[in-house]
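The sequence shown: position 237 = 236 (numbering that gives the first Met the number 0), numbered continuously.
Okay, structure first, notes after.
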Amino acid sequence: MKKENLIVILTGVLVGLAALVLTALGNPANMGFCIACFERDIAGALGLHSAAKVQYVRPEIIGLVLGAFIMAIASKEYRAKAGSSPATRFILGALVMTGALAFLGCPLRMVIRLGGGDLNALVALFGFVAGIFVGTVFVKKGFTLKRNYEVGKVEGSILPAVLLLIGVLVLAVPALFKFSEEGPGSKHAPFWIALAIPLVVGAMAQKSRLCMVGGVRDTMLFGDAHLLYGFIAIFVTIVIGNLCLGKFNLGFTAQPVAHSSHVWNFLGMMLCGWGSVLLGGCPLRQLILAGSGNGDSAVTVFGMIAGAALAHNFGLAGNADPGLNEAGEYIVGGISKNGKFAVIGGLVIVLIISLINSKKEVKEA
């Protein structure tokens, strides 16, 4: 087996094990790792939205970025670069978050949910792949957000520094932040464990270039599926772990923090996949790139955090299935009218961005 394939697979197994361990230690079920959910919780802890059930400074995000930063420095792969359409990337980051929260999970959590037997994630996977396919059509037509440029090392370290500061303040002055007393935000693994495990994952993800969007995109464009091996490894690890723990629950209903409104699961992840192709990587990959000195990815992460705040301030995020009512009927959740308009509007905006930036490249050629 090629060394690069082995590293990707090992990283995938590590991510799967980390998700199982963090869930067993307190993180919400079928989650462990969810970039979108955790960035949303951080936005709430900072007071950027007032949804009381999803407010917590997730050490996992801090650990992932710092782990990537340390590995990039140690392997001499740290490259401080920025300047590639930052405003457009900020908007795309917010739209990717809108799509992810409509589904209730990022691409990584989609795989984790599928590994727990949640078939709603399978519907979302079809939408995710469809979005990536549309994105690759524009890539073939010359889509580009233009090149970035070398900047000062301090500029490339902004996101690691900001997250490190937040982590220090949480420990030193916790009263500055908001913390959920119930709901998903109140469920979390011990702080230091939730920081230490992602440090290792972030370092390995930096080395392996783990990215689900990149894996699907490269398979479509070049027939190169090696990045997908990592997510197959995550899925297999999660399935085996859940079967051993007796937590595998195959079906659409009664899934933790999930809804079975299939159209919006599909369209939400289609928006997430399409936007991620234009950005050059999934939400996890954006964190790793930002930790490696990419200022454009840092802007994207800030856009995702802003998008999470907007999603909860304006009621755009999905709502989990409430379950059985008093009559014994299963009630399906989904997203509000505002959320539906946001997803459809997001797809239109991403289409416009795709068309404009493809045409510019054709003219210049």
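Backbone N, C-alpha and C fix where the C-beta goes; we use that ideal spot for every residue, glycine too.
Residue i - partner residues in DSSP beta bridges
| i | result |
| --- | --- |
| Ile8 | DSSP, once it has assigned bridges, lists no residue as partnering Ile8. |
| Leu323 | Tyr329 |
| Asn293 | Lys80 |
| Gly250 | Asp117 |
| Glu3 | Beta-bridge pairing links Glu3 to no other residue. |
Per-residue DSSP class, three states only, for residue i
| i | result |
| --- | --- |
| Ala81 | strand |
| Asn356 | helix |
| Cys281 | coil |
| Ala364 | Here the model assigns Ala364 a pLDDT of 40, short of 50, so the residue's position is not dependable, and the following value carries that caveat. Here Ala364 sits in coil by DSSP. |
| Tyr55 | coil |
| Asn318 | strand |
| Glu181 | coil |
Nearest-angstrom Cβ-Cβ length linking residue i and residue j, presumed shorter than 8 Å
| i | j | result |
| --- | --- | --- |
| Gly62 | Gly201 | 6 Å |
| Leu278 | Arg39 | Between Arg39 and Leu278 the Cβ distance is about 18 Å, and since that is not below 8 Å, they are no contact. |
| Leu194 | Pro282 | Their Cβ separation, rounded to whole angstroms, is 19 Å, which puts Leu194 and Pro282 out of contact at 8 Å. |
| Ala18 | Gln205 | Actually they do not touch by this definition, with Cβ atoms about 18 Å apart. |
| Gly98 | Gly345 | 6 Å |
| Gly333 | Asn318 | 6 Å |
| Leu21 | Ile196 | 6 Å |
Host alpha helix (DSSP H) of residue i (start-end)
| i | result |
| --- | --- |
| Arg130 | Reading off the sequence shown, one finds Gly at residue 130, where the question assumed Arg. Gly130 -> alpha helix (DSSP H) spans Asn119 to Lys139. |
| Pro106 | Pro106 to Gly114 |
| Leu144 | Per DSSP, Leu144 belongs to no alpha helix (DSSP H) and is neither H nor E. |
| Lys206 | Phe190 to Ser207 |
| Ala40 | Inspection of the sequence shows that residue 40 is occupied by Asp rather than by Ala. Unbroken alpha helix (DSSP H) run through Asp40: Ile34 to Ala44. |
| Leu242 | Leu227 to Leu244 |
| Lys152 | Lys152 to Gly155 |
| Leu220 | Met211 to Phe221 |
Check your understanding: Below 8 Å, can you find three or more Cβ-Cβ pairs linking the stretch 38 to 48 to the stretch 162 to 180?
Key -> Remark: three or more beta-carbon pairs, one from each stretch, lie closer than 8 Å, so the stretch 38 to 48 and the stretch 162 to 180 are flagged as touching.
Exercise for review: Decide yes or no for the touch test of the stretch 71 to 86 against the stretch 253 to 272: beta carbon pairs closer than 8 Å, at least 3 of them.
Suggested key: When C-beta atoms of the stretch 71 to 86 are compared with those of the stretch 253 to 272, fewer than three pairs fall below 8 Å, so the two segments do not count as touching.
Check your understanding: On the three-pair Cβ rule with 8 Å, is the stretch 8 to 16 touching the stretch 226 to 236?
Key -> By the Cβ rule, the stretch 8 to 16 counts as touching the stretch 226 to 236, because three or more pairs are nearer than 8 Å.
Exercise for review: Check whether the stretch 211 to 231 touches the stretch 239 to 255, taking contact to mean three or more Cβ pairs, one atom from each stretch, closer than 8 Å.
Suggested key: Output reads no: the stretch 239 to 255 does not touch the stretch 211 to 231.
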